[in-house]
DNA sequence: ATCCCCCTCGAAAGCGTTTTCGAAATCAGA
DNA sequence: TCTGATTTCGAAAACGCTTTCGAGGGGGAT
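Residue numbers (this note's numbering), protein chains in the order written: chain A, 20 to 354; chain B, 20 to 354.
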């Protein structure tokens, strides 16, 4: 059906060996023969089969992008998309094809990690959206396929990660609020199955400590990164301490939910309660009030993950990449 | 390196043929031999190479997901992600692997369509986010690889599509506004390189006509689906006709931009100007005011696209799928 | 004229599967 | 016990490519 290297060889009156050499830029071939072959191949609109090539070279030139919980409308929703873009862009730029595989722990549709890698001969894998208790994780850590984790600070023989300095990010948020004069600052954290939650909690604590503010149990609530949970949490926090004047949310989406509920409760933002979000979603700039947030370089996560991967595939054992957070001021924390 | 079918054969003391047969459920094999082979394969954690299999079977069991303008933060931003999820879910459910390829017309990084298909032996392709003037389109239409288009109403020999009834959707929006008593209704449309824009324009016109309202040139503005353009357009429209009391936006994002700008101009929504969006983004429910919108079954787009694909791969020539829009009321059009 | 080396190219093996074709073994019926 | 059908299995080719190894030819040096 499809046109093969043999056809080109026949057409050019040479052997397949010669065609292969011409196409792959080997030196031991007469320049004019090469030109002729190239021309014929182009005219015939010939493109070598990546499959056949993979088989013989034992390299697929493909990397996997595995996302847990993609089907969950959930947590990283807005975050994930940009990371996907980054991974895609860099993979393409480097000549790798991307195989997307979104798994879903709940529905048991998980294909064992190893199997996927073996089946498609993946040269490396970018893994994201994984909970701390996800079964994938164990498999990955002792598999031999290079793996770059996004927002999961674990390393192993063939495994490293890229993430934000979440501790620093959370601290930035708290510092910003302290500068604005707040002393009673709540935290609406994400669920504990997310690695980032622990770090943001830590950063929150450090931020308070540096300001000489003792941490209080009732200032911390746990949501699930979703809008609704942000609303519920802020209500709970206010019930526990009506004097609360500020809250730091571990996701912009929860921040939006919180602001929404605050309005319903008759509280003004930022006059009565100031709010800081996390993620740096574009839409936060266009809300009323616009939301102060810790911005993550999401696209770059993807790019760097692929970069880590190719370095690992080259035999290196690169250090994890920890990107710096930035605070973007909005109206939700006043001027 | 990796364990192959030969290893299993040797282990079991049979030929590779027999192993292949056992694994693939052929009947001509003694039940107990099959069991033994299966056991051995499982113990060895063996998984057949999809690559080798593809080569000999000339079927890759892989479909491509090609997205133009993914790198554009742009237009379908929020829409695309859900469609991707749908494609992924259904592809997995049906046992196909997904190869993601986001191209970018601007940066010329486009890999010719045909080449991609040939290289990876794709059995079918889902194509989305393509402009009317995109070079891909021509290639696709006369290629022989089955192709399912999303939101691009074109058919060809091996090509069909899934989309929303955009005419009906726009009409729903206008009807809703008319019911609320509006007579001067503007349209903030998307750019004309999007297929959907033409249809939404048509639906807008029909909606007005049915209400006996003559369409006026200056009621129509063209944005690019982005927030900023929504803001600019509403300002222009109001400049052209200060009496405007309602506007229908061809994307939720533009609607948000428009509402934002309206507030800045001292107009109340919906009291002074009512706004309807398009897409049915979740976040529209959580804004103040929440946005009335035409909801698209985005996830289902992906699912149906894959369904179309497999039917085409089976030799059928299925009819296009046109899904029905639904209006979801928010506060932006009053009660 | 001889020898050696370099340049250019082809034959063939091999990658891990599936599948065709036929052979061996088993079984039924007589 | 023999025949023929049926069941169970193996040898080998094929898929499209890369790569090793070596052959042939031309040119320069001796």
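Cβ coordinates follow ideal geometry from the N, Cα and C atoms, glycine included.
Please confirm whether residue i has its beta-carbon closer than 8 Å to some beta-carbon of chain A.
i, result
"residue 74 (chain B)", "yes"
"residue 248 (chain B)", "no"
"residue 262 (chain B)", "no"
"residue 32 (chain B)", "no"
"residue 95 (chain B)", "Caution is warranted here: a pLDDT of 48 is assigned to residue 95 (chain B), below 50, making its placement in the model unreliable, and no coordinate value can be reported."
"residue 244 (chain B)", "no"
"residue 350 (chain B)", "no"
"residue 297 (chain B)", "no"
"residue 87 (chain B)", "no"
"residue 194 (chain B)", "no"
"residue 100 (chain B)", "yes"
"residue 276 (chain B)", "yes"
"residue 177 (chain B)", "no"
Would you tell me roughly how many angstroms separate the C-alpha atoms of residue i and residue j, rounded to the nearest one?
i, j, result
"residue 41 (chain B)", "residue 328 (chain B)", "30 Å"
"residue 31 (chain B)", "residue 80 (chain B)", "28 Å"
"residue 148 (chain A)", "residue 154 (chain A)", "13 Å"
"residue 339 (chain A)", "residue 167 (chain A)", "9 Å"
"residue 72 (chain A)", "residue 38 (chain A)", "14 Å"
"residue 210 (chain A)", "residue 161 (chain B)", "50 Å"
"residue 100 (chain B)", "residue 317 (chain B)", "9 Å"
"residue 274 (chain A)", "residue 252 (chain A)", "10 Å"
"residue 27 (chain B)", "residue 48 (chain A)", "42 Å"
"residue 265 (chain A)", "residue 201 (chain A)", "7 Å"
"residue 236 (chain B)", "residue 224 (chain B)", "11 Å"
"residue 276 (chain A)", "residue 334 (chain B)", "49 Å"
"residue 62 (chain B)", "residue 347 (chain A)", "54 Å"
"residue 289 (chain B)", "residue 354 (chain B)", "9 Å"
"residue 272 (chain A)", "residue 120 (chain A)", "25 Å"
"residue 78 (chain A)", "residue 350 (chain A)", "52 Å"
"residue 56 (chain A)", "residue 23 (chain A)", "13 Å"
"residue 238 (chain B)", "residue 157 (chain B)", "34 Å"
Output yes if chain B places a C-beta closer than 8 Å to the C-beta of residue i; else output no.
i, result
"residue 326 (chain A)", "no"
"residue 39 (chain A)", "no"
"residue 282 (chain A)", "yes"
"residue 201 (chain A)", "no"
"residue 69 (chain A)", "yes"
"residue 134 (chain A)", "yes"
"residue 121 (chain A)", "yes"
"residue 107 (chain A)", "yes"
Determine whether the beta carbon atoms of residue i and residue j lie at a separation below 8 Å.
i, j, result
"residue 118 (chain B)", "residue 118 (chain A)", "yes"
"residue 140 (chain A)", "residue 325 (chain A)", "no"
"residue 320 (chain B)", "residue 102 (chain B)", "yes"
"residue 199 (chain B)", "residue 293 (chain B)", "yes"
"residue 259 (chain A)", "residue 207 (chain A)", "no"
"residue 307 (chain B)", "residue 352 (chain B)", "no"
"residue 184 (chain A)", "residue 344 (chain A)", "yes"
"residue 218 (chain B)", "residue 197 (chain B)", "no"
"residue 337 (chain B)", "residue 179 (chain B)", "yes"
"residue 195 (chain B)", "residue 137 (chain A)", "no"
"residue 297 (chain B)", "residue 188 (chain B)", "yes"
"residue 314 (chain B)", "residue 105 (chain B)", "no"
"residue 146 (chain B)", "residue 169 (chain B)", "yes"
"residue 87 (chain A)", "residue 150 (chain A)", "yes"
Should residue i go down as buried or exposed, given a rule of 16 or more other Cβ atoms within 10 Å for buried?
i, result
"residue 115 (chain A)", "buried"
"residue 64 (chain B)", "exposed"
"residue 91 (chain B)", "Confidence is the limiting factor: at residue 91 (chain B) the pLDDT is only 47, short of 50, which leaves the residue's position unreliable, though a coordinate-based value still follows. Under this definition residue 91 (chain B) is a buried residue."
"residue 45 (chain A)", "exposed"
"residue 302 (chain B)", "buried"
"residue 256 (chain B)", "buried"
"residue 50 (chain B)", "exposed"
"residue 231 (chain A)", "exposed"
"residue 216 (chain A)", "buried"
"residue 107 (chain B)", "buried"
"residue 280 (chain B)", "buried"
"residue 2 (chain A)", "Residue 2 (chain A) lies beyond the range of chain A shown here (20 to 354); nothing can be said about it."
"residue 246 (chain B)", "buried"
Name the DSSP bridge partner or partners of residue i?
i, result
"residue 166 (chain B)", "B:144 and B:178"
"residue 438 (chain A)", "The structure shown has nothing for residue 438 (chain A), since chain A only spans 20 to 354."
"residue 183 (chain A)", "A:342"
"residue 239 (chain B)", "B:206"
Regarding residue i and the ligand MG, is the C-beta to nearest heavy atom distance less than 7 Å?
i, result
"residue 278 (chain A)", "Within the structure as shown, the ligand MG is missing, as the structure has no ligands at all."
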